[in-house]
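Going down the list, the protein sequences come from chains F, U and Z. Note that the first sequence covers residues 12 to 277 in the working numbering. Note that the second sequence covers residues 12 to 277 in the working numbering. Note that the third sequence covers residues 12 to 277 in the working numbering. C-beta atoms are modelled at their ideal positions from N, C-alpha and C, and glycine is treated no differently. Just so you know, these numbers come straight off a predicted model, no measurement behind them.
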Amino acid sequence: MSIKVSGVLEKVRKEKPVVHHLTNWVTIYDCANIVKVFGASPVMAHAQEEAGDMVKLASALVLNIGTLTVDFVHSMKVAAKGANMKGIPVVLDVCGAGATKLRDDKSLELLDVAKVDIIKGNASEVARIAGENVYTKGVDAAKVNKDLVYVAKSLAAKRACTVVITGKEDIVTDGSRVFTVKNGHDIMGCVVGTGCMAASVIGTFAAVERDLVLAAACGLACFEAASEIAAASSGGPGTFKGKMYDAVFNLDGETADKMSKIAVSE
Amino acid sequence: MSIKVSGVLEKVRKEKPVVHHLTNWVTIYDCANIVKVFGASPVMAHAQEEAGDMVKLASALVLNIGTLTVDFVHSMKVAAKGANMKGIPVVLDVCGAGATKLRDDKSLELLDVAKVDIIKGNASEVARIAGENVYTKGVDAAKVNKDLVYVAKSLAAKRACTVVITGKEDIVTDGSRVFTVKNGHDIMGCVVGTGCMAASVIGTFAAVERDLVLAAACGLACFEAASEIAAASSGGPGTFKGKMYDAVFNLDGETADKMSKIAVSE
Amino acid sequence: MSIKVSGVLEKVRKEKPVVHHLTNWVTIYDCANIVKVFGASPVMAHAQEEAGDMVKLASALVLNIGTLTVDFVHSMKVAAKGANMKGIPVVLDVCGAGATKLRDDKSLELLDVAKVDIIKGNASEVARIAGENVYTKGVDAAKVNKDLVYVAKSLAAKRACTVVITGKEDIVTDGSRVFTVKNGHDIMGCVVGTGCMAASVIGTFAAVERDLVLAAACGLACFEAASEIAAASSGGPGTFKGKMYDAVFNLDGETADKMSKIAVSE
Numbered sequence: 012m013s014i015k016v017s018g019v020l021e022k023v024r025k026e027k028p029v030v031h032h033l034t035n036w037v038t039i040y041d042c043a044n045i046v047k048v049f050g051a052s053p054v055m056a057h058a059q060e061e062a063g064d065m066v067k068l069a070s071a072l073v074l075n076i077g078t079l080t081v082d083f084v085h086s087m088k089v090a091a092k093g094a095n096m097k098g099i100p101v102v103l104d105v106c107g108a109g110a111t112k113l114r115d116d117k118s119l120e121l122l123d124v125a126k127v128d129i130i131k132g133n134a135s136e137v138a139r140i141a142g143e144n145v146y147t148k149g150v151d152a153a154k155v156n157k158d159l160v161y162v163a164k165s166l167a168a169k170r171a172c173t174v175v176i177t178g179k180e181d182i183v184t185d186g187s188r189v190f191t192v193k194n195g196h197d198i199m200g201c202v203v204g205t206g207c208m209a210a211s212v213i214g215t216f217a218a219v220e221r222d223l224v225l226a227a228a229c230g231l232a233c234f235e236a237a238s239e240i241a242a243a244s245s246g247g248p249g250t251f252k253g254k255m256y257d258a259v260f261n262l263d264g265e266t267a268d269k270m271s272k273i274a275v276s277e
Numbered sequence: 012m013s014i015k016v017s018g019v020l021e022k023v024r025k026e027k028p029v030v031h032h033l034t035n036w037v038t039i040y041d042c043a044n045i046v047k048v049f050g051a052s053p054v055m056a057h058a059q060e061e062a063g064d065m066v067k068l069a070s071a072l073v074l075n076i077g078t079l080t081v082d083f084v085h086s087m088k089v090a091a092k093g094a095n096m097k098g099i100p101v102v103l104d105v106c107g108a109g110a111t112k113l114r115d116d117k118s119l120e121l122l123d124v125a126k127v128d129i130i131k132g133n134a135s136e137v138a139r140i141a142g143e144n145v146y147t148k149g150v151d152a153a154k155v156n157k158d159l160v161y162v163a164k165s166l167a168a169k170r171a172c173t174v175v176i177t178g179k180e181d182i183v184t185d186g187s188r189v190f191t192v193k194n195g196h197d198i199m200g201c202v203v204g205t206g207c208m209a210a211s212v213i214g215t216f217a218a219v220e221r222d223l224v225l226a227a228a229c230g231l232a233c234f235e236a237a238s239e240i241a242a243a244s245s246g247g248p249g250t251f252k253g254k255m256y257d258a259v260f261n262l263d264g265e266t267a268d269k270m271s272k273i274a275v276s277e
Numbered sequence: 012m013s014i015k016v017s018g019v020l021e022k023v024r025k026e027k028p029v030v031h032h033l034t035n036w037v038t039i040y041d042c043a044n045i046v047k048v049f050g051a052s053p054v055m056a057h058a059q060e061e062a063g064d065m066v067k068l069a070s071a072l073v074l075n076i077g078t079l080t081v082d083f084v085h086s087m088k089v090a091a092k093g094a095n096m097k098g099i100p101v102v103l104d105v106c107g108a109g110a111t112k113l114r115d116d117k118s119l120e121l122l123d124v125a126k127v128d129i130i131k132g133n134a135s136e137v138a139r140i141a142g143e144n145v146y147t148k149g150v151d152a153a154k155v156n157k158d159l160v161y162v163a164k165s166l167a168a169k170r171a172c173t174v175v176i177t178g179k180e181d182i183v184t185d186g187s188r189v190f191t192v193k194n195g196h197d198i199m200g201c202v203v204g205t206g207c208m209a210a211s212v213i214g215t216f217a218a219v220e221r222d223l224v225l226a227a228a229c230g231l232a233c234f235e236a237a238s239e240i241a242a243a244s245s246g247g248p249g250t251f252k253g254k255m256y257d258a259v260f261n262l263d264g265e266t267a268d269k270m271s272k273i274a275v276s277e
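Below is the structure:
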């Protein structure tokens, strides 16, 4: 089975969904801008008084705990419950899970009080949320001594959601189907923000495609294919960033289909 | 009547005014950097304990409600009252007005408790603040079924201030004079931050020029002319951003005068 | 005596230290990214519930009061005390000291409640913290009518720490030794973020080198040498930024040693 990513990409550009974020302060611009250059409409609002109202205008919600506080997580809960009521997908980037007790506790709290449709993180973050005894060194991935597909599938089954583990090869699963995205370039790991942007891309694609495994895999393949194009003419991680935005903006469906490398297994 | 923008541009570079901001977390870097590359001195301080003190060093104050909270708006009021006392211009970017009740309420509260000298927004945001029954889809402009010049002039008259509606053609009016700025490039709408930066540019020019209609129009014309120069050699919205900063930094008065397209009507 | 910067640079790349930040919202991305492109691992966490836990994973702590609030400084104290317990270096960027009473008071409070190993600022900021009667115009340096080496040495002696004054020539001293770094390019002063990034670079180098005067001087020399390389092919401050990240990422030890200009005096 071969996946055509162009269909979902073109839906993003045609429908221009509003993607609401409660995200971290480090990469908030990048999260907004990646949504924008894909042709959709980002919005960020974290006041507890309006987080629920803003969700009513949105087609997806992206939560990221990268610079969480207790108050901020409270607003996330308000937004997530609103998203559940409206029936739009909720993406949770468990950024830095495993680094501190607060991150672990608040991630689990969010998963308990609202329906999260897609859990996304790197190997050690997702392993930690899955209950593995893994500790991360800050926000960069630590080594996980377990089969990652097994970890992802188990967590997806337990939480009845889609799980995405990003890395050299991204794993996307709903507990039964497993899509592996083999696009990307090493330079993505040398610049701050690519992980957070991946969650925003997944939210953007999930806003227009109800099959969330397909949505997440297509979003990652497009983002990473564009990154490959950008990396080819970059002098390093600094100029890569600007060129990556250009490449996403200019990515046509045909190129996306030709470049995407998504492997499907059951 | 033909407007020379170079006079105000050169005053910015000579006087290097401090422009104080209470702005949103998404584009805060861009707001600071656009002020800096124009040759002025940005500062951002939102603690209620110092918002008023910092205003004492400033020649203009820019408020932007893009990621407002109740506490943050409280600090904005402190800063705006301090600016009023000192007699420096206050710019309010009603970012996202029409999207949620909180944004509408807090925008109107700010207008009521302090003198705002320039209200700035896109068509639907300004229409909403003017009392029109318009709702926006997040932070991107929605369609407004009214004559925008009429909306802007009415609001300017009602609030005794200058009103700026940004868009393909920017409208700047104090209720009697109307300046229309016809510079700019479509790519500006494809990247996050150009709207917020426009407010910071207006604040920077208002810091050195007491005729606020002239100040706002000249600021927008320079910013957008530089964007035209940058767009001409950009591969997309990512590389555009860096080149736009270069073009603003390198913009000379002669080029600015030659490129600026400001139409004046009474 | 000639200083080889390559030794410390290579240690950063080999050890990839985690550098924890409680920094400002304007340049938070740049602070993270400069650490990343040097090959280390940035983390940002400001919740008082986790600021201390995150420090346990880190090899250095960078504090920056650029957009301080009372609550935020409380978290800084928690983090700084944790860093002191663990014995890792604490860098304090007294960003905007001299501009408001809050910044002066909170800087001194931080210096009183925890051991700060490196105080960093521009001439007027450091002079203010040293007790001079200097007031700054926002966050840009004001003129100081005192011998800066004397100011730095006195403060270093008084606080038993290393003091860094950045500027055309950077002064680094522990009260007895004085290293002067003569690298850099004027364009660095025309773009927002280079000052804040300098503090993050100092933290990154201090994470791997116990001689903090040597660490700070080597970090600044590498950062500024890379900036010289980037400036040579930039069209202005916008494109400079991307190229600077590339140049830091690509800087090899040999080039760094050849380009660095560190003068040593006792």
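Give a yes or no on contact between the segment 12-21 of chain U and the segment 38-50 of chain Z, applying the rule of three or more CB pairs nearer than 8 Å.
These segments do not touch.
Can you give me the C-alpha to C-alpha distance between S118 of chain F and K25 of chain Z, rounded to a whole angstrom?
If you number the first sequence from 1, residue 118 of chain F lands on position 107. If you number the third sequence from 1, residue 25 of chain Z lands on position 14. About 32 Å.
So what does DSSP say about N133 of chain Z, is it helix, strand or coil?
The residue labelled residue 133 of chain Z in the question sits at position 122 within the third sequence. The answer is strand: DSSP assigns N133 of chain Z an E or B state.
Using 8 Å for Cβ pairs, my map puts A3 of chain F next to A62 of chain F. What's the rounded Cβ distance?
The structure shown does not extend to residue 3 of chain F, since chain F is modelled only from 12 to 277, so the question has no answer here.
Going along chain U, which residues have a C-beta under 7 Å from V37 of chain Z?
Position 26 of the third sequence, counted from the first residue, corresponds to residue 37 of chain Z. In chain order: I39, Y40, A43, M55.
In chain U, what lies closer than 9 Å to L159 of chain Z by C-beta?
Walking along the third sequence from the start, residue 159 of chain Z turns up at place 148. By Cβ distance, chain U contributes nothing, its closest Cβ being about 21 Å from L159 of chain Z, past 9 Å.
Contact with chain F by T177 of chain U, beta-carbon distance below 8 Å
Residue mapping note: residue 177 of chain U aligns to position 166 of the second sequence, counting from 1. Judged by the 8 Å Cβ criterion, T177 of chain U is not in contact with chain F.
For S165 of chain U and A110 of chain U, I'd like the C-alpha separation in whole angstroms.
Residue 165 of chain U sits at position 154 when you count from the first residue of the second sequence. Residue 110 of chain U sits at position 99 when you count from the first residue of the second sequence. Their Cα atoms are separated by approximately 22 Å.
For D64 of chain F, three-class secondary structure by DSSP:
The residue you call residue 64 of chain F lines up with position 53 of the first sequence. DSSP, read as helix, strand or coil, puts D64 of chain F in helix.
Interface residues of chain Z around T250 of chain F at Cβ under 7 Å?
One-based indexing of the first sequence puts residue 250 of chain F at position 239. Against chain Z, the beta carbon of T250 of chain F has neighbours under 7 Å at G253, K254, D257, listed in chain order.
Please give me, in chain order, every unbroken run of the alpha helix (DSSP H) with length at least 4 that falls completely inside the segment 61-104 of chain U.
The qualifying runs are 62-66, 81-97.
If distances are taken between C-alpha atoms only, which option among U:E120, U:A171, U:C106 comes closest to S211 of chain U?
Along the second sequence, read from residue 1 onward, the residue named residue 211 of chain U stands at position 200. Of U:E120, U:A171, U:C106, the residue nearest in Cα terms is U:C106.
Nearest-angstrom beta carbon gap, A163 of chain U and T184 of chain U [assumed within contact, 8 Å]:
As a first step, residue 184 of chain U must be located in the second sequence, where it is residue number 173. As a first step, residue 163 of chain U must be located in the second sequence, where it is residue number 152. Between A163 of chain U and T184 of chain U the Cβ distance is about 5 Å, and since that is below 8 Å, they are a contact.
Can you tell me whether E277 of chain Z is buried or exposed? The criterion is at least 16 other CB atoms within 10 Å of its CB, across all chains shown.
In the third sequence, the residue the question calls residue 277 of chain Z occupies position 266. Exposed: under 16 other Cβ atoms inside 10 Å.
Among the candidates Z:L79, Z:V73, Z:I130, whose CA atom is the shortest distance from the CA of L113 of chain Z?
Here the question's residue 113 of chain Z lines up with position 102 in the third sequence. Comparing Cα-Cα distances from L113 of chain Z to each of Z:L79, Z:V73, Z:I130, the minimum goes to Z:L79.
So that I know if they touch, is there some Cβ in chain Z lying closer than 8 Å to that of F83 of chain U?
Numbered from 1 along the second sequence, position 72 holds the residue referred to as residue 83 of chain U. No, its Cβ sits nowhere closer than 8 Å to a Cβ of chain Z.
Taking the runs of the beta strand (DSSP E) that are 3 residues or longer, which of them lie wholly in the segment 189-214 of chain F?
For the segment 189-214 of chain F, the continuous beta strand (DSSP E) assignments of 3+ residues that do not extend past its boundaries occur at 189-192, in sequence order.
Distance, G264 of chain F Cα to L68 of chain F Cα
One-based indexing of the first sequence puts residue 68 of chain F at position 57. One-based indexing of the first sequence puts residue 264 of chain F at position 253. Straight through space, the alpha carbons of G264 of chain F and L68 of chain F are spaced by roughly 27 Å.
Thinking C-alpha only, which one of F:G206, F:S271, F:T205 is nearest K193 of chain F?
One-based indexing of the first sequence puts residue 193 of chain F at position 182. From the listed residues F:G206, F:S271, F:T205, the smallest Cα separation to K193 of chain F is found for F:S271.
Check distances from the C-beta atoms of the segment 57-74 of chain U to those of chain Z and list, in chain order, the residues that come in under 7 Å.
Taking 7 Å as the Cβ-Cβ cut-off against chain Z, the residues of the segment 57-74 of chain U that qualify are H57, A58, E60, E61, D64, M65, L68.
CB K131 of chain U to CB V101 of chain U, shorter than 8 Å?
For the purposes of this step, residue 131 of chain U is taken as the residue at position 120 of the second sequence. For the purposes of this step, residue 101 of chain U is taken as the residue at position 90 of the second sequence. No, the Cβ-Cβ distance between K131 of chain U and V101 of chain U is not below 8 Å.
Which residues, taken in chain order from the segment 88-100 of chain F, show a beta carbon closer than 7 Å to some beta carbon of chain U?
For the segment 88-100 of chain F, which is checked against every Cβ of chain U, not one residue is closer than 7 Å.
Residue from F:L262, F:A138, F:K154, F:C207 with nearest C-alpha to A236 of chain F:
If you number the first sequence from 1, residue 236 of chain F lands on position 225. Ranking F:L262, F:A138, F:K154, F:C207 by Cα distance to A236 of chain F puts F:L262 first.
Would you identify the three-state DSSP class for V34 of chain U, choosing helix, strand or coil?
Translated into the one-based positions of the second sequence, residue 34 of chain U becomes position 23. For clarity, residue 34 of chain U is Thr in the given sequence; the question names Val instead. Coil.
Ignore the nearest five residues each way along the sequence and tell me which others in V66 of chain Z's own chain have a CB closer than 7 Å to its CB.
Taking the third sequence and counting its residues from 1, one reaches residue 66 of chain Z at position 55. H31, L72, A90, G93, A94, K97.
Please state if the CB of I45 of chain U and the CB of V259 of chain U are separated by a distance shorter than 8 Å.
Here residue 259 of chain U is taken as the residue at index 248 of the second sequence, counted from 1. Here residue 45 of chain U is taken as the residue at index 34 of the second sequence, counted from 1. Taking a C-beta distance under 8 Å as the contact criterion, V259 of chain U and I45 of chain U qualify as a contact pair.
When the Cα atoms are used, what is the spatial distance from S52 of chain F to V203 of chain U?
Against the first sequence, residue 52 of chain F aligns to sequence position 41. Against the second sequence, residue 203 of chain U aligns to sequence position 192. Taking C-alpha positions only, S52 of chain F is separated from V203 of chain U by approximately 10 Å.
Considering Cα atoms alone, identify which of Z:I140, Z:A267, Z:G142 is closest to C233 of chain Z.
For the purposes of this step, residue 233 of chain Z is identified with residue 222 of the third sequence, where counting begins at 1. Measuring from the Cα of C233 of chain Z, the nearest candidate turns out to be Z:A267.
Would DSSP call I14 of chain F helix, strand or coil?
Position 3 of the first sequence, counted from the first residue, corresponds to residue 14 of chain F. The DSSP-derived three-state label of I14 of chain F is coil.
Check distances from the C-beta atoms of the segment 109-121 of chain F to those of chain Z and list, in chain order, the residues that come in under 8 Å.
Per Cβ criterion, the list reads A110, T111, K112, L113, R114.
Give a yes or no on whether 8 Å exceeds the smallest Cβ distance from K47 of chain Z to chain F.
For this step, residue 47 of chain Z is matched to residue 36 along the third sequence. Yes, contact with chain F.
On the DSSP bridge assignment, give the partners of D115 of chain U in chain order.
Working through the second sequence from its first residue, we reach residue 115 of chain U at position 104. The beta-bridge partner set that DSSP reports for D115 of chain U is empty.
Strictly below 9 Å CB to CB, what residues from chain Z border G247 of chain F?
Locating residue 247 of chain F in the first sequence gives position 236, where the first residue counts as 1. Here the neighbours are V48, G253, K254, Y256, D257, A258, V259, F260, N261.
How long is the line joining the alpha carbons of K169 of chain U and I76 of chain U, rounded to whole angstroms?
Stepping through the second sequence from its first residue, residue 169 of chain U is reached at position 158. Stepping through the second sequence from its first residue, residue 76 of chain U is reached at position 65. Whole-angstrom Cα-Cα distance: 21 Å.
Within a Cβ cutoff of 6 Å, which residues of the same chain sit near G249 of chain Z, ignoring the five residues on either side of it in sequence?
One-based indexing of the third sequence puts residue 249 of chain Z at position 238. Excluding positions up to five away in sequence, the list is empty.
Just the chain F side, please: which residues come within less than 9 Å of V145 of chain U by C-beta, in chain order?
Looking up residue 145 of chain U in the second sequence gives position 134. For V145 of chain U, there are no C-beta contacts with chain F under 9 Å, since the nearest C-beta of that chain is about 13 Å from it.
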